[in-house]
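Count along the sequence shown from 1, then add 5; that gives the number in the working numbering.
Beta carbons: idealized from backbone N, C-alpha and C, even for Gly.
Quantities reported herein were computed from a predicted structural model and do not represent experimental measurements.
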Amino acid sequence: MRSLHSNRSSCQTLISQYLQHPRRILIFGDTGTGKSALATQLATQLLNKGASVRLLDADPGSPAFGIPGCLSLYKLDQHESSTPEWLLLDAEPLCSLDAGRFRLPLITGITQLIERETQRPEAYLLIDTPGVTRGVGAAELLPAMTQATQADLVVVLVQADLPTPLSDELERCRAEVLFLDANPDAQKPVKSDIKQHRTDRWLDYMQHAHERRFRLDRLQLTGMLPSSKDSDGWTGRQVALINGQRTLGMGQIAAIDDDEILITTPVPAETKVHRLLIRDAVYNDKRGLHTAVHSLSGEENKTQPTIAPLAHEAFVARQAMDQLSPPS
C-alpha cells in the first residue's frame with residue numbers, strides 16, 4: 006500500500022504513475038472527502054489524453070451523477086467545442102437510499118452492471134462509492150464492492166488526524182491500495198443539504214412524468230413491500246418498472262387499491278411492464294425524497310415488509326455474494 010500527498014499535482018501523479026493503461030479504480034472514503042470531485046478530475050484528465058472513461062455511481066442515497074435510489078453507469082463524452090458531459094449508459098434500481106441496509110441487493114446490482122460493462126470496449130472505470138466506512142455493514146460492503154467491480158486499484162481518501170477507516174479490510178484487499186490525502190477544502194455536507202440535493206435530482210428526473218395505471222393481477226411486486234392493508238404506506242414509494250431483466254425506468258406510486266396501482270413515471274405509456282420493484286425510498290412534498298419510517302408500534306405495522314419476497318431477495322443476493330467470495 007502506498008501514499009500520495011494531496012497537492013495540485015496529485016491527480017497528475019496518480020495518472021502518470023498508476024493509470025498508464027485502463028484500470029478499474031474504486032474510490033473509497035467518508036462522505037465529504039471529495040470522492041466525486043476526484044472522480045470527475047481523473048475522468049476529465051484521462052479524457053483529455055484521449056482515453057475512454059466510464060463511471061459507476063454506486064451511492065444511491067447521495068449520487069453525484071445519477072438518479073437517487075439507483076446504481077448508474079456513465080460515460081464521459083465530449084463533442085467538439087463543448088465541455089465534457091456524463092452520458093447515462095446503464096442503470097440498476099435499488100429503490101432505497103440506504104446502501105448499508107440493502108448492501109446485498111446493492112452488490113447484486115453492481116454485479117449485473119459489471120457483467121454488461123465487460124461486453125463494451127475496454128475503458129477506464131471509476132467507481133464512486135457510498136460513504137459507508139464504519140461498522141459491520143461497511144466491513145462487508147468494501148470487499149464485496151471491490152470484488153463485484155473487479156477493481157484492481159483502490160484509492161482511499163484519508164482525512165488529516167483521523168484514523169484510516171477499515172484498515173484491516175484494506176490490508177486484506179487483493180487490489181492495489183493507494184492512500185491519498187482528502188481535499189482539505191472538502192466538507193461533510195449537512196443532512197438537510199444531502200436531502201435537498203437528492204430531492205432536486207429526483208424532481209429533475211420526474212419533470213416529464215405522467216400517470217400510468219396497472220392491474221395488480223398482471224404485475225409481479227418484489228422488494229420490501231408496505232402493508233397491503235394501508236394505501237397510505239404505498240403512496241409516494243419509489244418504484245422501478247421492469248420488463249424481464251430490463252429496467253425501463255423509475256417512478257413513484259400515486260395511488261393503490263385492491264385491483265389497480267397508479268404510477269407516476271416518465272416511462273413511455275406504450276412500454277410493457279411486467280414487474281415493479283419497491284423498497285423504502287419514498288417522496289412527498291413536505292420531506293422530499295427520504296427513507297420510509299419502519300414503525301413497530303400500534304396495532305398494525307404499516308410498513309412491515311412481506312416476508313416471502315424479502316426472503317427470496319436476500320437469498321438471491323446472498324448467492325451473488327457467495328460467488329464473489331474466495332473459496333475457504
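Chain-order list of residues whose beta-carbon lies under 6 Å from that of residue i (same chain, five-residue window excluded)
i, result
"Trp-207", "Pro-73, Leu-294"
"Val-137", "Ala-104, Gly-105, Ala-143, Leu-146"
"Lys-193", "Thr-36, Gly-37"
"Gly-71", "Asp-62, Ser-77"
"Ser-236", "Ile-261"
Distance between residue j and residue i (C-alpha atoms, nearest Å)
i, j, result
"Ile-112", "Gly-55", "31 Å"
"Cys-16", "Gly-256", "38 Å"
"Asp-190", "Asp-198", "17 Å"
"Leu-78", "Leu-43", "17 Å"
"Glu-174", "Gly-37", "21 Å"
"Thr-336", "Ala-96", "Residue 336 cannot be examined here, being either before or after the span of the chain that is shown, 6 to 333."
"Glu-120", "Gly-114", "10 Å"
"Trp-239", "Gln-201", "22 Å"
"Gly-254", "Gln-25", "36 Å"
"Tyr-23", "Thr-169", "21 Å"
"Arg-280", "Gly-249", "8 Å"
"Leu-211", "Glu-90", "Note that residue 211 is Met in the sequence shown here, rather than Leu. About 20 Å."
"Leu-19", "Pro-148", "22 Å"
"Thr-88", "Asp-82", "9 Å"
"Asn-289", "Ser-21", "47 Å"
"Val-195", "Lys-291", "18 Å"
"Asn-306", "Val-298", "Caution is warranted here: a pLDDT of 31 is assigned to Asn-306, below 50, making its placement in the model unreliable, and the coordinate value is therefore given only provisionally. When rounded, the distance between both Cα atoms is 10 Å."
"Leu-185", "Asp-205", "31 Å"
Buried/exposed call for residue i, threshold 16 Cβ in 10 Å
i, result
"Val-163", "buried"
"Glu-334", "Only positions 6 to 333 of the chain appear in the structure, and residue 334 is not among them; the question remains open."
"Lys-277", "exposed"
"Glu-122", "buried"
"Lys-40", "buried"
"Val-287", "buried"
"Thr-334", "Because the chain spans 6 through 333 in this model, residue 334 falls outside it and cannot be assessed."
"Leu-171", "buried"
"Gly-140", "exposed"
"Asp-133", "buried"
"Leu-167", "exposed"
"Arg-59", "buried"
"Val-160", "buried"
"Glu-318", "Residue placement at Glu-318 is flagged as unreliable, the pLDDT there being 45, under the threshold of 50; the coordinate-derived value follows with that caveat. Glu-318 should be labelled buried."
Residue j beta carbon less than 8 Å from that of residue i
i, j, result
"Arg-284", "Gly-241", "no"
"Leu-282", "Cys-100", "yes"
"Leu-52", "Leu-131", "no"
"Ala-214", "Thr-270", "yes"
"Ile-268", "Val-244", "yes"
"Pro-135", "Asp-64", "yes"
"Ala-165", "Gly-34", "no"
Residues of its chain near residue i, where Cβ-Cβ distance is below 8 Å and the 5 sequence neighbours each way are ignored
i, result
"Arg-203", "Gly-66, Ser-67, Pro-68, Pro-73, Leu-102, Gly-293, Leu-294"
"Ser-57", "Pro-27, Lys-80, Pro-126, Glu-127, Ala-128, Tyr-129"
"Pro-273", "none"
"Thr-296", "Ser-101, Leu-102, Asp-103, Asp-285, Ala-286, Val-287"
"Gln-50", "Cys-16, Gln-17, Ile-20"
"Arg-177", "Pro-148"
"Phe-259", "In the sequence under discussion, the amino acid at residue 259 is Ala, which differs from the Phe named in the question. Excluding residues within five positions, the ones whose Cβ falls inside 8 Å are Glu-216, Thr-240, Leu-267, Ile-268, Thr-269."
"Ser-302", "Below a pLDDT of 50, predicted positions are generally treated as unreliable, and Ser-302, at 31, falls in that range; the measurement from the model is reported next regardless. So no residue of the chain qualifies."
CB contact check: residue i to chain D, cutoff 8 Å
i, result
"Thr-269", "The question asks about chain D, but that chain is absent: this structure has only one protein chain."
Same chain, Cβ closer than 7 Å to residue i, neighbours up to 5 away in sequence not counted
i, result
"Arg-220", "Asp-264, Glu-265"
"Leu-93", "Ser-77, Tyr-79"
"Asp-209", "none"
"Leu-118", "Leu-61, Leu-76, Leu-78, Asp-95, Glu-97"
"Phe-107", "Leu-99, Ser-101, Arg-284"
"Arg-218", "Glu-265, Leu-267"
"Gln-124", "none"
"His-84", "none"
The stretch 179-188 touching the stretch 220-228, judged by at least three CB pairs closer than 8 Å: They do not touch, by the three-pair rule.
Touch test, the stretch 150-161 against the stretch 28-42, Cβ-Cβ under 8 Å, three pairs minimum: Enough Cβ pairs lie closer than 8 Å, so yes.
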